[in-house]
């Protein structure tokens, strides 16, 4: 570049060399702990003055309590205070001089401790069946996963299958053995922290009759004792018919030997029915109403209420009650939208039944008198 300075009759010419800006060191990626500050820095040389612009994800940044800028000699800096998830992204600095410009970029990421986002309950399975523990985690890479059984680390073993894919840790036991029962721990860690999640694996043994009771002939009125030997996990239960010992019948269950002494009867499960079904009602707007019906049948009986085919749940608007042989649906402050067809459905082991009734809501009439 040529410059001319003239004084009186003399003219002076100067040759000036302008250097475009370029980076001696560029921005480096920043990986910081949530809540701490991040500092992005670069060094630039060239002919000053410079115009410096900072951007995040293409949007220009201004000096604020969140972002602070520095420019000392040839060092440019950006400090991001109290970093959180909103600060994650790509940062860019552009330096413009008289004869050119240069740009560099770097990413800011957060370091997060490992956290379990999905947990499973304790597992109960049958011997010989498959058991699987699975949990989802989040956290900064690199995540390391290890499994423990009781106090021992699970090493390479063909009886255990371990995977960690898409941040989901899985421990699978293809064929459970008695020795596999116990407390399992999943440990996930990164450079910041380690976290634990524990499960309990229990086994149930299918019921099996080892020794059947012998056939016996007895005289009416005489006592009788029937013995059978079983194995399996407690609690042992009957089938579709419930065994109801009378008060004089002793029932013993020790060392997997079951003994019934005396006479016992079977109780048949009776299907539910309505002794007094729903009736059609007509109520006034804003009033209280109770839809009630009487029922019978073997307990337990589940009750389901519906309005116009949609299930009703107990809440602020509806109060569902069941006491002895009576079930009811209560509503306060009736609205016009409460009008419709209501149904009550009963279900137990032996079957189900249903009854219906309609509800009409009348509006209140208000008279205005003028004098």
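Numbering (my numbering), first residue to last: 472 to 842. Ideal Cβ positions, reconstructed from N, Cα and C, are used throughout, including at glycine.
Here residue 828 really is in contact with residue 750; their C-beta atoms are around 5 Å apart, less than 8 Å.
The shortest CA-to-CA distance from residue 609 to any of 637, 669 and 624 is the one to 637. Distance from the CA of residue 492 to the CA of residue 575, rounded to the nearest whole angstrom, comes to 12 Å. Annotation: the continuous beta strand (DSSP E) that includes residue 824 extends over 822 to 833.
In the three-state reduction of the DSSP assignment, residue 651 falls in the helix class, which pools H, G and I. Straight-line measurement puts the Cα of residue 580 at about 8 Å from the Cα of residue 558. Burial is judged here by how many other beta carbons sit within 10 angstroms of a residue's own beta carbon; residue 759 has fewer than 16 and is exposed. Distance between residue 567 and residue 523, taken at the CA atoms: about 7 Å. In the three-state DSSP reduction, residue 495 falls in the strand class (E or B). Assignment of beta-bridge partners to residue 538 by DSSP yields 551. In terms of CA proximity to residue 515, 548 leads the group 548, 501 and 538.
Given a length threshold of 3 residues, each whole run of the beta strand (DSSP E) inside the region 558 to 644 is given here in chain order: 560 to 568, 571 to 582, 586 to 589, 594 to 597, 602 to 609, 615 to 620, 632 to 636 and 639 to 644. In this model, residue 540 and residue 564 are separated by some 11 Å (Cα to Cα).
DSSP places residue 742 outside any beta strand (DSSP E), giving it a letter other than H or E. In the three-state scheme derived from DSSP, where H, G and I count as helix and E and B as strand, residue 807 is classed as helix. The continuous beta strand (DSSP E) containing residue 762 extends over residues 760 to 767. Going by DSSP, residue 754 is part of the beta strand (DSSP E) stretching over 752 to 755.
Restricting attention to 671, 664, 825 and 538, the CA atom closest to the CA of residue 652 is found in 671. Of the residues assessed, residue 495 falls on the exposed side of the cut-off, its CB having fewer than 16 other CB atoms within 10 angstroms. Exposure of residue 530 is indicated by the presence of fewer than 16 other C-beta atoms within 10 angstroms of its C-beta.
Following the DSSP letters along the chain, one finds residue 509 inside the beta strand (DSSP E) bounded by residues 509 to 516. A straight-line Cα-Cα distance of about 10 Å links residue 798 and residue 817.
Distances from the alpha-carbon of residue 649 to those of 630, 641 and 664 put 630 closest. Taking a cut-off of 8 Å for Cβ pairs, the region 613 to 633 and the region 654 to 664 touch, as three or more such pairs fall below it. Rounded to whole angstroms, the separation of the alpha carbons of residue 503 and residue 533 is 22 Å. The C-beta of residue 511 has 16 or more other C-beta atoms within 10 Å across all chains shown, which makes the residue buried. Each residue's CA atom was taken as its position, placing residue 611 and residue 513 some 26 Å apart. Residue nearest to residue 646 within the set 662, 661, 598 and 666 is 598 (criterion: CA-CA distance). Straight through space, the alpha carbons of residue 535 and residue 663 are spaced by roughly 30 Å.
For the pair residue 697 and residue 685, the Cα-to-Cα distance works out to about 7 Å. When secondary structure is reduced to three states using DSSP, residue 519 falls in the coil class, being assigned neither helix nor strand.
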